[in-house]
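Taking it in order: structure first as structure tokens, then the write-up.
Numbering (this note's numbering), first residue to last: 66 to 761.
This is the structure we're talking about:
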């Protein structure tokens with residue numbers, strides 16, 4: 066990159082060096098080292114070469130662009146103003162020098178005059194190069210394919226014209242004078258044509274707003290007369306003719322182009338002034354759409370978003386007031402959610418009963434509605450009962466997935482306040498607005514859902530902590546258990562109580578229902594059972610007492626089925642009661658079929674008093690080596706596959722018989738594997754809980 070910059074710097078210094086060579090020739094004339102006439106024949110080609118090599122300056126300037134047109138216009142104004150002031154200041158001396166012959170060798174005998182003309186020549190050349198560069202940047206705005214070619218052709222003829230007009234160079238080329246006159250006139254004619262063609266490239270005016278166009282108008286009233294006066298005086302005085310005819314003619318041609326361009330640009334500006342306000346309006350509309358698009362991507366608070374929508378809608382249509390109405394999700398009730406320039410009393414009165422046939426029309430047609438005489442339109446007349454100063458109304462349905470979710474209104478206090486393009490603009494605005502509203506609603510729903518998921522996760526973790534962390538270790542027995550909830554939380558429950566004297570309390574239960582409510586009841590059951598297990602000596606008395614407590618705390622539709630038993634490791638017996646729960650499966654070595662232990666009993670919390678106690682049966686079974694017990698909840702047999710077929714008791718019994726001779730941990734894994742293979746990964750419909758008791 067630094068190498069490219071060095072090359073660029075050298076290329077800019079080269080014309081300056083060549084121009085310096087021409088000055089050296091002049092000093093040779095001053096000192097008498099070289100004859101004046103022969104020296105002039107050599108110095109003009111030097112100046113021409115320096116001029117041609119300086120032309121890249123025209124293409125390297127960045128005074129103006131389509132994003133900063135005003136900067137280019139301001140730079141042009143300052144340049145012309147400064148140059149005209151300098152011309153007025155130096156006019157008297159320039160006129161004195163211009164009164165000499167066009168090629169006055171005596172100028173070289175006056176050193177101050179020579180330095181003055183040298184400075185003026187250098188300044189005027191730089192001025193024209195900068196002006197041409199600035200005009201090029203203005204011409205290139207909204208450029209078309211021939212724009213660059215037209216400007217480059219103009220530059221060629223701006224340089225070619227001074228060559229043909231400079232007699233010293235023509236004599237050097239030995240071109241006959243009659244041919245020279247024809248060529249000069251032809252080149253000048255073509256030069257004028259391309260000056261006019263390039264002068265009509267004034268698209269930059271479209272980028273000025275109303276305020277800037279007015280400023281350019283007043284600036285043009287000052288600038289245009291000054292430039293025309295500058296061109297006239299410079300052309301007539303022609304002070305540089307005594308120093309360098311080619312520079313003089315080049316600057317004269319550049320001034321001609323500048324003058325023609327300014328005249329045409331000023332006339333074009335006058336033509337744009339009546340419509341200047343339309344540009345400002347379009348820019349404001351585009352800005353409003355941009356702001357809404359930004360709100361779509363950055364604003365997810367529905368309350369803030371609807372305020373932005375009505376404010377921007379009023380701005381984009383230049384409405385006196387606007388309001389937004391949205392349907393409540395999942396209902397047909399519509400509410401005024403935000404407004405701009407409505408009185409509080411009007412907001413309160415704007416209820417759903419004020420909606421008339423206009424809403425039906427918008428829902429049916431899904432198109433914007435425009436009425437510039439709201440007082441006479443049948444669809445808008447009912448609005449006058451609510452807003453008396455409404456004379457023009459523009460309404461847009463907010464449509465998503467072919468469903469109307471709301472309406473955006475804009476109103477004015479005068480008849481014929483809106484135009485057709487307002488209708489199209491508000492349609493585009495409504496399309497953006499509905500996206501923003503739906504996004505905000507989805508974000509709100511996702512936030513609520515995520516919060517619920519987090520709360521359920523916390524509840525799930527809390528529920529899992531209520532279950533035993535480790536399996537009890539008993540001499541001569543193996544125990545294992547599992548509890549897998551169908552949702553984040555469930556109503557299944559199992560627990561173990563160390564009762565001392567070689568006894569272990571075992572409970573498994575299932576609260577009716579699912580989800581958080583069942584989980585809360587399960588937590589209550591755990592507290593009650595844990596408190597009673599150490600006080601009641603038999604399963605039946607414990608369940609009777611628990612039923613009295615839980616019946617008072619459960620609602621009428623809630624109960625819990627459970628099995629509570631006491632495992633005695635010394636006598637190797639299991640005494641239990643079944644309160645409306647699934648039976649116990651028992652497998653014994655030497656018996657082909659497993660036993661189904663199903664003593665009588667009804668669910669806890671259904672009834673209270675003697676009925677529960679009478680129906681509850683307690684039994685005791687003696688256990689021998691190799692016996693396996695399976696206590697389970699109904700989720701184990703209610704699991705369904707894709708064909709809506711239940712796993713069922715028979716399949717569970719079959720699976721249990723196949724794996725009952727394995728260690729308790731393998732029994733657990735075998736049953737889980739068979740159940741999950743059955744419903745093939747489909748969502749479980751109920752909690753899956755069971756306990757395996759194995760006698761070693």
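Glycine included, C-beta positions come from ideal geometry on N, C-alpha and C. As the structure is a computational prediction, the values presented were derived from the model and not from experiment.
Go ahead and label residue i buried or exposed: buried means 16 or more other beta carbons lie within 10 angstroms of its beta carbon, across all protein chains shown.
i           : result
residue 451 : exposed
residue 656 : exposed
residue 283 : exposed
residue 515 : exposed
residue 201 : buried
residue 745 : exposed
residue 590 : buried
residue 463 : buried
residue 696 : buried
residue 409 : exposed
residue 190 : buried
residue 415 : buried
residue 530 : exposed
residue 497 : buried
residue 709 : exposed
residue 413 : exposed
residue 583 : buried
residue 278 : buried
residue 738 : exposed
residue 794 : The chain is shown from 66 up to 761; residue 794 falls before or after that span and cannot be answered.
residue 692 : buried
According to DSSP, residue i sits in a beta bridge with which residue or residues?
i           : result
residue 755 : 547, 697
residue 683 : 642
residue 187 : DSSP lists no partner for residue 187.
residue 465 : 468
residue 442 : In the DSSP output, where bridge partners are listed per residue, residue 442 has none listed.
residue 460 : 434, 474
residue 269 : Its beta-bridge partners do not exist; DSSP assigns none.
residue 705 : 711
residue 200 : Per DSSP, none; premise fails for residue 200.
residue 539 : 542
residue 649 : 662
residue 629 : 572, 642
residue 388 : 404, 474
residue 760 : 542
Give me the residue from the options with the minimum Cα distance to residue i.
i           : options            : result
residue 431 : 472, 339, 112, 757 : 472
residue 700 : 550, 435, 591, 598 : 550
residue 294 : 637, 494, 148      : 148
residue 391 : 686, 385, 370      : 370
residue 196 : 706, 122, 134, 157 : 122
residue 629 : 618, 641, 760      : 641
residue 652 : 314, 426, 729, 683 : 729
residue 572 : 273, 478, 632      : 632
residue 454 : 406, 325, 486, 112 : 406
residue 280 : 387, 335, 588      : 335
residue 209 : 253, 262, 425, 731 : 262
residue 669 : 626, 449, 229      : 626
residue 155 : 299, 542, 247, 110 : 299
Starting from the C-beta of residue i, find all residues in its chain whose C-beta is less than 7 Å away, skip the five residues before and the five after it, and write them out in chain order.
i           : result
residue 267 : 329, 330, 333
residue 673 : 612, 613, 616
residue 597 : 607, 610, 611
residue 445 : 423, 436, 439, 458
residue 478 : 385, 454, 456
Are the C-beta of residue i and some C-beta of chain D separated by less than 8 Å?
i           : result
residue 140 : Judged by its chain identifiers, the structure shown contains no chain D, having just a single protein chain.
Who are the near neighbours of residue i in its chain, counting only those whose CB is closer than 6 Å to its CB and skipping five residues on each side?
i           : result
residue 557 : 548, 575, 698, 752, 754
residue 285 : 331
residue 638 : 685, 687
residue 168 : Below a pLDDT of 50, predicted positions are generally treated as unreliable, and residue 168, at 47, falls in that range; no measurement from the model is reported.
residue 689 : none
residue 327 : 289, 292
residue 308 : 182, 186
residue 256 : 222, 226
residue 667 : 645, 680
With respect to 7 Å, is the separation between the Cβ of residue i and the closest non-hydrogen atom of the ligand FMN below this value?
i           : result
residue 757 : Ligands are entirely absent from the displayed structure, and the ligand FMN is therefore not among its contents.
Practice task
Determine, using beta-carbon pairs with one atom in the region 647-656 and one in the region 595-613, whether at least three such pairs fall under 8 Å.
Solution key: Judged by pairs of C-beta atoms under 8 Å, the region 647-656 does not touch the region 595-613, as fewer than three such pairs exist.
Exercise for the section: Please determine if the region 753-761 and the region 539-549 are in contact, where contact requires at least 3 C-beta pairs separated by less than 8 Å. Expected result: yes
Exercise for the section: Kindly confirm or deny that the region 484-492 and the region 372-383 touch, where touching means at least three C-beta pairs closer than 8 Å. Expected result: yes
Exercise for the section: Would you be able to state if there are at least three C-beta pairs under 8 Å between the region 712-725 and the region 673-687? Expected result: no
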